[in-house]
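Trainee: Take 1 as the starting number for the sequence shown in full-length UniProt numbering and just add one per residue. Structure in structure tokens, see below.
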Amino acid sequence: MSATPDAPSPAAGLTFEVLGEVRCWRDGVELPLGAPRMRAVLAVLVLRAGTPVGRDVLVDGVWGDAPVADGVNLVQAYVSKLRRLLEPDRPPRSPTGVLTRIGSSYRLVAAPGASDLGRFHHARAEARELRAAGRPAAAERVLAEALGNWRCPPLTGVGGPLLDAERVRLAELRLAAVEEQTAVALEVGAHADVVPALMSLTAEHPYRERLWELLMVALYRCSRQGDALAAYRRAGQVLLDDLGLEPGPGLRRVHEAILAGAAVAGAPDGPAAVPPGRPPLTLVGGGRRDPSAPLPARSLTRIP
Numbered sequence: 001m002s003a004t005p006d007a008p009s010p011a012a013g014l015t016f017e018v019l020g021e022v023r024c025w026r027d028g029v030e031l032p033l034g035a036p037r038m039r040a041v042l043a044v045l046v047l048r049a050g051t052p053v054g055r056d057v058l059v060d061g062v063w064g065d066a067p068v069a070d071g072v073n074l075v076q077a078y079v080s081k082l083r084r085l086l087e088p089d090r091p092p093r094s095p096t097g098v099l100t101r102i103g104s105s106y107r108l109v110a111a112p113g114a115s116d117l118g119r120f121h122h123a124r125a126e127a128r129e130l131r132a133a134g135r136p137a138a139a140e141r142v143l144a145e146a147l148g149n150w151r152c153p154p155l156t157g158v159g160g161p162l163l164d165a166e167r168v169r170l171a172e173l174r175l176a177a178v179e180e181q182t183a184v185a186l187e188v189g190a191h192a193d194v195v196p197a198l199m200s201l202t203a204e205h206p207y208r209e210r211l212w213e214l215l216m217v218a219l220y221r222c223s224r225q226g227d228a229l230a231a232y233r234r235a236g237q238v239l240l241d242d243l244g245l246e247p248g249p250g251l252r253r254v255h256e257a258i259l260a261g262a263a264v265a266g267a268p269d270g271p272a273a274v275p276p277g278r279p280p281l282t283l284v285g286g287g288r289r290d291p292s293a294p295l296p297a298r299s300l301t302r303i304p
């Protein structure tokens, strides 16, 4: 007797977006998600896909301190509407395969690649594997494509304490990926290409020392050691004036490495040019490091 083919998963054909406006598609057709708070409930479930989320968590996370006497009932009503949207062909009162209930919690059942956030996480992991395998150019392409999926600030159009906190977390994830992509771009010799973006990023995030490190390396590798040293001075001034801090060990090491090669003559123009006789520059890790650790060897073959 021939085997009966497995029935398709109820979640098949569903895709979700949270790296911008909260949106959902079924078989390529966008679904009308209704009121902002219904979108917010779906957003929380997408962010926690595969994990049960309590009704009380949804109420507190979406409404916060706003008075809502019937928050639990509203969540139940929104979940019922979402089930009808996500599974329009499911017979009434039959078990759901997408928004399941576990006690007083709800769980979104979806493949990791069903959301743009899941695909973003997968792309970062793939890029790290490619980089470890000695394929930085491929890693840079993967990261560039992943970052291209961010259309506007994440979770646009929805609010609440939980989603406001998630918005901050997602923005940090994106910035970390930008740093990774920039470091890989430096590995493949795209020094001049990344300078304009790093100029903007350090202006927008002046306390993020990793960005200053990358900018200094990019300028140095473009034979602009004077500008690299000026960037260090700007970073140090901002940290001191605004936070009362001195540059961390990572920034100091880059500065010392540049000073050690600053007297070497320049090199021919070109984004990948390395001045003859000047040791290339290495960054190992990012952010603040143990001051007792030895200064890394100056080689740009590996920039985490």
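Note that CB positions come from ideal geometry on N, CA and C, so glycine has one too.
(1) Compute the distance between the beta-carbons of Val22 and Ala35, then report whether it is under 8 Å.
(2) Excluding the 5 residues flanking Arg124 on each side, which residues of the same chain have their C-beta closer than 8 Å to its C-beta?
(3) By how many angstroms is the C-alpha of Gly261 removed from the C-alpha of Glu166?
(4) I need the straight-line Cα distance from Val184 to Glu256, nearest angstrom please.
(5) Tell whether a beta-carbon distance below 8 Å holds between Leu99 and Leu82.
(6) Starting from Leu162, follow the alpha helix (DSSP H) in both directions and report where the run begins and ends.
(7) Tell me which same chain residues have a C-beta within less than 8 Å of the C-beta of Leu155, skipping the five on either side of it?
(8) In this structure, how does DSSP classify residue 306 when only helix, strand and coil are distinguished?
(9) Would you list, in sequence order, the uninterrupted beta strand (DSSP E) runs of no fewer than 3 residues that lie entirely inside the stretch 185-241?
(10) Determine, using beta-carbon pairs with one atom in the stretch 216-230 and one in the stretch 188-196, whether at least three such pairs fall under 8 Å.
(11) Quick check: the Cα distance between Val75 and Arg107, rounded to an integer number of angstroms?
(12) Can you say whether Glu209 is buried or exposed, counting buried as having 16 or more other CB atoms within 10 angstroms of its CB?
(13) Go ahead and label Asp269 buried or exposed: buried means 16 or more other beta carbons lie within 10 angstroms of its beta carbon, across all protein chains shown.
(14) I'd like to confirm the pairing. Which residues does DSSP put opposite Cys24 in its beta bridges?
(15) Quick one: is Asp65 buried, meaning 16 or more other Cβ sit within 10 Å of its Cβ, or exposed?
(16) Going by DSSP in three states, Pro72 sits in which element: helix, strand or coil?
(17) Look at the alpha carbon of Asp27 and the alpha carbon of Leu86, and state the distance between them as a whole number of angstroms.
(18) Using the DSSP secondary-structure output, state which residues sit across from Arg107 in a beta bridge.
(19) Could you give the C-beta distance for Gly118 and Ala40, rounded to a whole number, given that I count them as a contact under 8 Å?
(20) Report all residues from its chain with a CB closer than 8 Å to the CB of Thr96; omit the five preceding and five following residues, and keep chain order.
(21) Quick check on the DSSP output: the alpha helix (DSSP H) that includes Pro136 runs from which residue to which?
(22) Tell me the DSSP secondary structure of Gly157 in three-state form.
(23) In angstroms with no decimal places, state the Cα-to-Cα distance between Val158 and Leu245.
(24) Quick check: the Cα distance between Gly134 and Glu126, rounded to an integer number of angstroms?
(25) In the DSSP assignment, what are the bridge partners of Ser115?
(26) Identify whether Gly54 lies in helix, strand or coil by the three-state DSSP scheme.
(27) Drop a sphere of 10 angstroms on the beta-carbon of Ile258, count the other beta-carbons inside from all chains shown, and report buried for 16 or more, exposed for fewer.
(28) Looking only at its own chain, which residues have a Cβ that is under 7 Å from the Cβ of Gly71, when we skip the five neighbours before and after it?
Mentor: According to the data block:
(1) No. Outside cutoff.
(2) Leu143, Ala146, Ala177 and Glu180
(3) 43 Å
(4) 22 Å
(5) Taking the C-beta atoms as reference points, Leu82 is found nearer than 8 Å to Leu99.
(6) Pro161 to Glu187
(7) Val18, Val22, Ala43, Leu163, Glu166, Arg167 and Leu170
(8) A query on residue 306 cannot be resolved here, the shown segment of the chain reaching from 1 to 304 and no further.
(9) none
(10) yes
(11) 13 Å
(12) A residue is called buried when at least 16 other Cβ atoms come within 10 angstroms of its Cβ; Glu209 meets this threshold and is buried.
(13) Per-residue confidence for Asp269 stands at a pLDDT of 32, beneath the threshold of 50, marking its modelled position as unreliable; the derived number appears in the next sentence. Counting Cβ neighbours within 10 Å, Asp269 comes out exposed, since fewer than 16 surround it.
(14) Secondary-structure assignment with DSSP links Cys24 through a beta bridge to Phe16.
(15) Exposed: under 16 other Cβ atoms inside 10 Å.
(16) Reading off the sequence, residue 72 comes out as Val, not Pro. DSSP, reduced to helix, strand and coil, places Val72 within a helical segment of the structure shown.
(17) 10 Å
(18) Answer is Thr100, bridged to Arg107.
(19) Their Cβ separation, rounded to whole angstroms, is 19 Å, which puts Gly118 and Ala40 out of contact at 8 Å.
(20) Pro10, Arg83, Glu87 and Arg90
(21) Run containing Pro136: Pro136 to Gly148, per the alpha helix (DSSP H) assignment.
(22) In the structure shown, Gly157 sits in coil (DSSP, three-state: anything other than H, G, I, E or B).
(23) 36 Å
(24) 13 Å
(25) Phe16
(26) The answer is strand: DSSP assigns Gly54 an E or B state.
(27) buried
(28) Once the five neighbours on either side are set aside, the close Cβ partners of Gly71 are Val59 and Trp63.
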